[in-house]
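Residue numbers (this note's numbering): 900 to 1045.
All remarks here apply to the structure that follows.
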(Lines of atoms letter the chains of each structure in order from A and count residues from 1; the text may use other names and numbers.)
(Lines give C-alpha, C1' and ligand atoms only; values in the text may rest on other atoms or scores of the structure.)
Protein backbone atom coordinates (compact mmCIF):
# COMPACT_ATOMS: atom_id res chain seq x y z
CA UNK A 1 0.00 0.00 0.00
CA UNK A 2 1.30 3.43 -0.95
CA UNK A 3 -0.15 6.78 0.02
CA UNK A 4 0.08 10.14 -1.70
CA UNK A 5 -1.24 13.57 -0.76
CA UNK A 6 -2.38 16.10 -3.31
CA UNK A 7 -4.36 19.29 -3.58
CA UNK A 8 -8.11 18.73 -3.40
CA UNK A 9 -9.98 20.40 -6.26
CA UNK A 10 -13.22 18.50 -5.63
CA UNK A 11 -13.53 16.67 -2.35
CA UNK A 12 -15.11 13.33 -1.81
CA UNK A 13 -14.40 9.70 -1.33
CA UNK A 14 -14.06 7.05 -3.99
CA UNK A 15 -12.72 3.57 -4.52
CA UNK A 16 -12.07 2.47 -8.08
CA UNK A 17 -9.81 0.58 -10.43
CA UNK A 18 -7.02 2.72 -11.89
CA UNK A 19 -6.66 3.54 -15.56
CA UNK A 20 -3.20 5.04 -16.02
CA UNK A 21 -1.60 7.07 -18.77
CA UNK A 22 1.85 8.62 -18.50
CA UNK A 23 0.84 10.96 -21.35
CA UNK A 24 -1.39 13.98 -21.15
CA UNK A 25 -5.12 13.21 -21.33
CA UNK A 26 -6.90 14.67 -24.35
CA UNK A 27 -10.42 14.92 -22.95
CA UNK A 28 -12.21 15.57 -26.24
CA UNK A 29 -10.38 12.87 -28.21
CA UNK A 30 -10.83 10.38 -25.37
CA UNK A 31 -14.59 10.88 -24.90
CA UNK A 32 -15.62 11.77 -28.47
CA UNK A 33 -16.99 8.37 -29.53
CA UNK A 34 -18.72 7.82 -26.22
CA UNK A 35 -20.53 11.15 -26.36
CA UNK A 36 -21.39 10.92 -30.06
CA UNK A 37 -22.38 7.26 -30.33
CA UNK A 38 -23.67 6.31 -26.89
CA UNK A 39 -20.87 4.06 -25.61
CA UNK A 40 -21.90 3.66 -21.95
CA UNK A 41 -18.52 2.26 -20.92
CA UNK A 42 -16.88 5.38 -22.35
CA UNK A 43 -14.08 3.47 -24.06
CA UNK A 44 -11.20 5.82 -24.80
CA UNK A 45 -11.25 6.88 -28.45
CA UNK A 46 -7.90 8.70 -28.44
CA UNK A 47 -5.74 6.53 -30.70
CA UNK A 48 -2.76 8.74 -29.86
CA UNK A 49 -2.81 7.45 -26.28
CA UNK A 50 -2.02 3.73 -26.61
CA UNK A 51 -2.00 3.13 -22.84
CA UNK A 52 -5.74 3.75 -22.53
CA UNK A 53 -7.03 3.50 -26.13
CA UNK A 54 -10.25 1.44 -26.29
CA UNK A 55 -10.26 0.88 -22.51
CA UNK A 56 -13.38 1.74 -20.50
CA UNK A 57 -13.07 5.03 -18.60
CA UNK A 58 -16.51 5.15 -16.91
CA UNK A 59 -16.18 4.45 -13.21
CA UNK A 60 -12.38 4.27 -13.29
CA UNK A 61 -9.80 6.28 -11.38
CA UNK A 62 -8.17 8.19 -14.25
CA UNK A 63 -4.50 8.72 -13.36
CA UNK A 64 -2.50 11.03 -15.61
CA UNK A 65 -0.05 13.90 -15.51
CA UNK A 66 -2.43 16.54 -16.89
CA UNK A 67 -5.03 17.20 -19.53
CA UNK A 68 -4.08 18.40 -22.99
CA UNK A 69 -5.86 19.54 -26.09
CA UNK A 70 -9.02 21.38 -26.81
CA UNK A 71 -10.66 24.20 -24.92
CA UNK A 72 -13.77 22.00 -24.89
CA UNK A 73 -12.19 19.75 -22.24
CA UNK A 74 -14.26 21.08 -19.37
CA UNK A 75 -17.51 20.80 -21.29
CA UNK A 76 -16.63 17.24 -22.27
CA UNK A 77 -16.15 16.28 -18.60
CA UNK A 78 -19.47 17.87 -17.70
CA UNK A 79 -21.24 16.05 -20.58
CA UNK A 80 -19.71 12.72 -19.57
CA UNK A 81 -21.05 13.24 -16.04
CA UNK A 82 -24.48 14.33 -17.29
CA UNK A 83 -24.66 11.08 -19.30
CA UNK A 84 -23.36 8.99 -16.36
CA UNK A 85 -20.14 8.09 -18.20
CA UNK A 86 -17.71 9.94 -15.96
CA UNK A 87 -14.65 8.51 -14.27
CA UNK A 88 -14.92 7.72 -10.56
CA UNK A 89 -12.22 10.32 -9.95
CA UNK A 90 -9.55 12.37 -11.69
CA UNK A 91 -6.00 12.16 -10.35
CA UNK A 92 -3.25 14.36 -11.76
CA UNK A 93 0.46 14.28 -10.97
CA UNK A 94 0.79 17.93 -12.09
CA UNK A 95 -1.51 20.95 -11.51
CA UNK A 96 -4.91 20.70 -13.18
CA UNK A 97 -5.67 23.19 -15.94
CA UNK A 98 -8.48 25.67 -15.36
CA UNK A 99 -10.74 24.27 -18.12
CA UNK A 100 -10.65 20.70 -16.82
CA UNK A 101 -11.17 21.98 -13.28
CA UNK A 102 -14.19 24.03 -14.37
CA UNK A 103 -15.75 21.04 -16.12
CA UNK A 104 -15.26 18.77 -13.11
CA UNK A 105 -16.62 21.42 -10.74
CA UNK A 106 -19.66 22.16 -12.91
CA UNK A 107 -20.38 18.44 -13.24
CA UNK A 108 -20.74 18.35 -9.45
CA UNK A 109 -22.89 21.48 -9.37
CA UNK A 110 -25.21 20.74 -12.31
CA UNK A 111 -25.55 16.96 -11.90
CA UNK A 112 -25.80 14.57 -8.97
CA UNK A 113 -22.39 13.14 -9.82
CA UNK A 114 -19.49 13.03 -7.41
CA UNK A 115 -16.16 13.06 -9.23
CA UNK A 116 -13.40 13.73 -6.68
CA UNK A 117 -10.51 15.52 -8.36
CA UNK A 118 -7.02 15.80 -6.91
CA UNK A 119 -3.93 17.28 -8.51
CA UNK A 120 -0.27 17.84 -7.58
CA UNK A 121 0.22 14.19 -6.60
CA UNK A 122 3.76 14.23 -8.02
CA UNK A 123 5.62 12.14 -10.55
CA UNK A 124 6.14 9.43 -7.93
CA UNK A 125 2.40 8.80 -7.99
CA UNK A 126 2.40 7.94 -11.69
CA UNK A 127 5.47 5.75 -11.19
CA UNK A 128 3.74 3.79 -8.41
CA UNK A 129 0.24 3.31 -9.84
CA UNK A 130 -0.58 0.75 -12.53
CA UNK A 131 -3.68 0.13 -14.59
CA UNK A 132 -5.81 -2.29 -12.61
CA UNK A 133 -4.58 -1.11 -9.19
CA UNK A 134 -7.33 -0.28 -6.70
CA UNK A 135 -7.29 3.37 -5.67
CA UNK A 136 -8.98 4.79 -2.60
CA UNK A 137 -9.58 8.53 -2.24
CA UNK A 138 -10.11 10.17 1.14
CA UNK A 139 -11.79 13.54 1.81
CA UNK A 140 -8.52 15.15 2.87
CA UNK A 141 -6.85 14.52 -0.49
CA UNK A 142 -5.04 11.33 0.40
CA UNK A 143 -4.80 8.87 -2.47
CA UNK A 144 -4.09 5.30 -1.40
CA UNK A 145 -2.97 2.62 -3.81
CA UNK A 146 -4.21 -0.56 -2.16
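Virtual Cβ for every residue (Gly too), placed ideally from N, Cα, C.
Residue burial classification, residue i (beta-carbon count within 10 angstroms, cutoff 16)
{"i": "residue 949", "result": "exposed"}
{"i": "residue 906", "result": "exposed"}
{"i": "residue 947", "result": "exposed"}
{"i": "residue 985", "result": "buried"}
{"i": "residue 900", "result": "exposed"}
{"i": "residue 921", "result": "exposed"}
{"i": "residue 1022", "result": "exposed"}
{"i": "residue 991", "result": "buried"}
Coarse secondary structure for residue i, derived from DSSP in three states
{"i": "residue 942", "result": "strand"}
{"i": "residue 1018", "result": "strand"}
{"i": "residue 966", "result": "strand"}
{"i": "residue 1029", "result": "coil"}
{"i": "residue 904", "result": "strand"}
{"i": "residue 924", "result": "strand"}
{"i": "residue 1012", "result": "coil"}
Selected residue, minimal CA-CA separation from residue i, among the options
{"i": "residue 1007", "options": "903, 973, 938, 956", "result": "973"}
{"i": "residue 914", "options": "1030, 937, 922, 987", "result": "987"}
{"i": "residue 1051", "options": "1016, 996, 933", "result": "The structure shown does not extend to residue 1051, since the chain is modelled only from 900 through 1045, so no value can be given for it."}
{"i": "residue 952", "options": "1033, 1032, 1036, 925", "result": "925"}
Beta carbon of residue i nearer than 8 Å to that of residue j
{"i": "residue 981", "j": "residue 908", "result": "no"}
{"i": "residue 971", "j": "residue 1005", "result": "no"}
{"i": "residue 1033", "j": "residue 1045", "result": "yes"}
{"i": "residue 956", "j": "residue 989", "result": "no"}
{"i": "residue 1043", "j": "residue 902", "result": "yes"}
{"i": "residue 999", "j": "residue 934", "result": "no"}
Distance between residue j and residue i (C-alpha atoms, nearest Å)
{"i": "residue 975", "j": "residue 1019", "result": "22 Å"}
{"i": "residue 958", "j": "residue 942", "result": "11 Å"}
{"i": "residue 962", "j": "residue 1010", "result": "23 Å"}
{"i": "residue 1041", "j": "residue 931", "result": "31 Å"}
{"i": "residue 938", "j": "residue 965", "result": "24 Å"}
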